[in-house]
Amino acid sequence: MWKFLFCFLFIRYGTGEKIIIIGAGSSGIAAASKLLSHNISDFRILEAEDRIGGRIHSIHLGSAYVDLGAQYVHGMKNNLAYELAHNFVIPGNELNYTWMYYNGKRRVDDNLLNTLWDLTPETYEDGGSNVSVGDAFLSRYNSTVFNQYKNDTQMLTFAKDFIRICECSILGLEGSFSWFKPIATSSFQDCDGPNTLSWNGLGYKTILDLLLKNFPNKTGYDITNNLSLNTTVTKIIMEENSVKVKCADDSEYNTEYVLWTPSLGVLKHDHKSIFQPKLSDERINAIENFGFDGVMKIVFEFPNNWWGEEKYFWFVWNEKDKDDVIKDVSFGPVKNGDHWLSWFFHVGSAPNNSNVLIGWMVGPMVAETEKLTEEQMKNGTVYVMRKFLSNDFNVSEPIRVIHSKWCTDPKFRGTYSFETMDMSIKNISSPQRILQQPVFSTDGVPRIFFGGEATSPTRYGTVDGAIETGYREGNRLASILKNQD
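Quick note on numbering: the sequence shown equals residues -16 to -1, 1 to 469 in mature numbering (1 follows the signal peptide of the UniProt record, and there is no 0).
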């Protein structure tokens, strides 16, 4: 009987580690690896999913891994992800716009396309602190492209339709549902080097093993005994000199320090119910006005490679195309006269995976579109590919179609953060710096810490930004523990 009660209490009330890390995404794993590098193993990671990785989600499809979440290492210089991955990533061609289709399945002439790209302004140039990305882009587009073709009716029509590709590309970069939400001049800093470094079929999951020094050989850190999967945190209660963490499975953990690393989307939705006492007004203001929407990825496995060598297709929708899809595809959301499929704008080769393509969908209906079945997703997206490509290719029926569901998954509620117009209007200069500040207990000790990409002032929205914040908080916690000794 006593043995049973002991086991019950052990499970229900946790194991008494000094640190609880919430979330086993790249930030949480980076923090764990940093603690282990300081010879600190007195921590537990609580992860709501049945896997580690968070918004890194590599699945095996076809002959290699493809990523439903983070896909690229963005740049080289001063990039922590590249420092870890430099022996395993290669430059990709995903931003090659050569295979662009428009107007009744006709491939856009390369010379015409190059001319238009030369005229198309850099998106964020001449923006301002009170101008959205969309407004900044359209202002310069009007003064360059439209001005160039104002007397050429055919080119002017194409230039107007071409705006959607520009908009979709920007939404893919920002992770926003609308290009009028992100601010034109942001604090994000690029890293020098190629912006789409590919894992070449290994999958971004490899970075997790690299963080734990377990790739290519599993000889590094073993966190098996520090990790609790399928464990959703429901309450974080600050006490006088400790923190209590309650979970959905009724387990509880009394600990000295908590590191929170889940997404900004979860913070936005759940901070009022999770944190007790409530977070400061300044922190809540930062959470509510920092941007966090989403994009969708769709992966296709085909029985044959019908497109041949590596290719990246872009779909330029005109008004007839938009009317056709509303008539031809009756399922799925329609908003403001736009069919959900008119935001499906790009599909391209999966690295080192001959029969697999990866597609992108953005815009205001991403969350609603996530709710479609895989059969509906397949039927809709194959309709689009055949509509645009069938003059040049025989698009076969996919064996399997899988789409991401980041926005409707309560463990994520979106994809990556972006700086907003609301921040400027409400004079919030750096929500990332506000969010990264610890919360102190009444005895004046920092108890609750915050990591994750949304707490990186200059590399938010990236895996390397998430890693940087995990290292930052891991070092901070290590310093506190060492000062206790």
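Virtual Cβ for every residue (Gly too), placed ideally from N, Cα, C.
All values reported here derive from a predicted model rather than from experimental measurement.
Taking 7 Å as the limit between beta carbons, can you name the residues of its chain near K362, skipping five residues before and five after? P382, V385
How many angstroms separate the CA atom of H44 from the CA atom of N126? 44 Å
Coarse secondary structure for K230, derived from DSSP in three states: strand
Write down the C-beta distance between N302 and D145 rounded to the nearest angstrom, noting that I regard them as a contact closer than 8 Å. 5 Å
Residues of its chain near W83, where Cβ-Cβ distance is below 8 Å and the 5 sequence neighbours each way are ignored: R91, K295, Y296, F297, W298
Provide the residue(s) that pair with W390 in DSSP beta bridges, ordered along the chain. DSSP output for W390 lists no bridge partner at all.
Counting Cβ pairs, one atom from each stretch, are 3 or more of them under 8 Å apart for the stretch 275 to 285 and the stretch 27 to 37? no
Over what stretch of residues does the alpha helix (DSSP H) that includes P415 continue unbroken? 415 to 419
Three-way DSSP call (helix, strand, coil) for N260 in this model: Asn is not the amino acid found at residue 260; the sequence shown has Gln there. Of the three classes helix, strand and coil, the one that applies to Q260 here is strand, per DSSP.
Less than 7 Å separating the beta-carbons of I13 and L192? yes
Starting from Y455, trace the alpha helix (DSSP H) both ways and give me its first and last residue. 447 to 468
Ignoring anything shorter than 4 residues, give me the alpha helix (DSSP H) runs that lie fully in the stretch 322 to 365, in order along the chain. 350 to 353
Cutting at 6 Å between CB atoms, please list the residues of its own chain near L196, excluding the five before and the five after it. S17, G204, Y205
How many angstroms separate the CA atom of K256 from the CA atom of S440? 23 Å
From M349 to L194, what distance separates their C-alpha atoms? 36 Å
So does the stretch 176 to 183 actually touch the stretch 53 to 61, counting three or more Cβ pairs closer than 8 Å? yes
Cα-Cα separation between R443 and G449, rounded to whole angstroms: 5 Å
Have a look at G(-1), W163, Q416 and flag the residue whose alpha-carbon is nearest the alpha-carbon of V266. A quick correction: the sequence has Glu, not Val, at residue 266. Taking only the C-alpha atoms, the option nearest E266 is Q416.
Excluding the 5 residues flanking G364 on each side, which residues of the same chain have their C-beta closer than 8 Å to its C-beta? V313, F315, G316, W324, L325, F328, L356
Using the C-alpha atoms, what's the distance from N238 back to D26? 13 Å
With H, G and I counted as helix, E and B as strand and the rest as coil, what does DSSP make of A438? helix
C-alpha gap between R(-5) and L211, whole angstroms: Residue placement at R(-5) is flagged as unreliable, the pLDDT there being 47, under the threshold of 50; the coordinate-derived value follows with that caveat. Distance between the alpha carbons of R(-5) and L211 is about 15 Å.
Using only the alpha-carbon positions, how far apart do N201 and E224 sit? 44 Å
Whole-angstrom distance between K230 and I258, CA atom to CA atom: 9 Å
Cutoff 7 Å: H253 Cβ touching any chain D Cβ: No chain D is present in this structure, which holds just one protein chain.
For the putative contact between G445 and S401, defined by C-beta atoms under 8 Å, what is the C-beta separation to the nearest angstrom? 5 Å
Close Cβ partners of G454 (< 6 Å) along its chain, the five nearest in sequence each way excluded: S11, A14, A15, G435
Going by C-alpha to C-alpha distance, which of K219, P422, L373, V318 sits closest to S264? P422
Does the beta-carbon distance from M222 to S425 come in below 7 Å? yes
Among residues of its own chain, excluding the 5 on either side of Y188, which ones have a beta-carbon nearer than 6 Å to its beta-carbon? I40, S42, D51, A54
Where does the unbroken alpha helix (DSSP H) through N273 begin, and where does it stop? 265 to 273
Same chain, Cβ closer than 6 Å to E352, neighbours up to 5 away in sequence not counted: P317
Same chain only: Cβ atoms within 6 Å of Y86, ignoring 5 sequence neighbours per side: V92, V300
Hey, how far is the Cα of M405 from the Cα of L251? 20 Å
Through-space distance from F377 to C175, alpha-carbon basis: 37 Å
Between N273 and K410, is the Cβ-Cβ spacing less than 7 Å? yes
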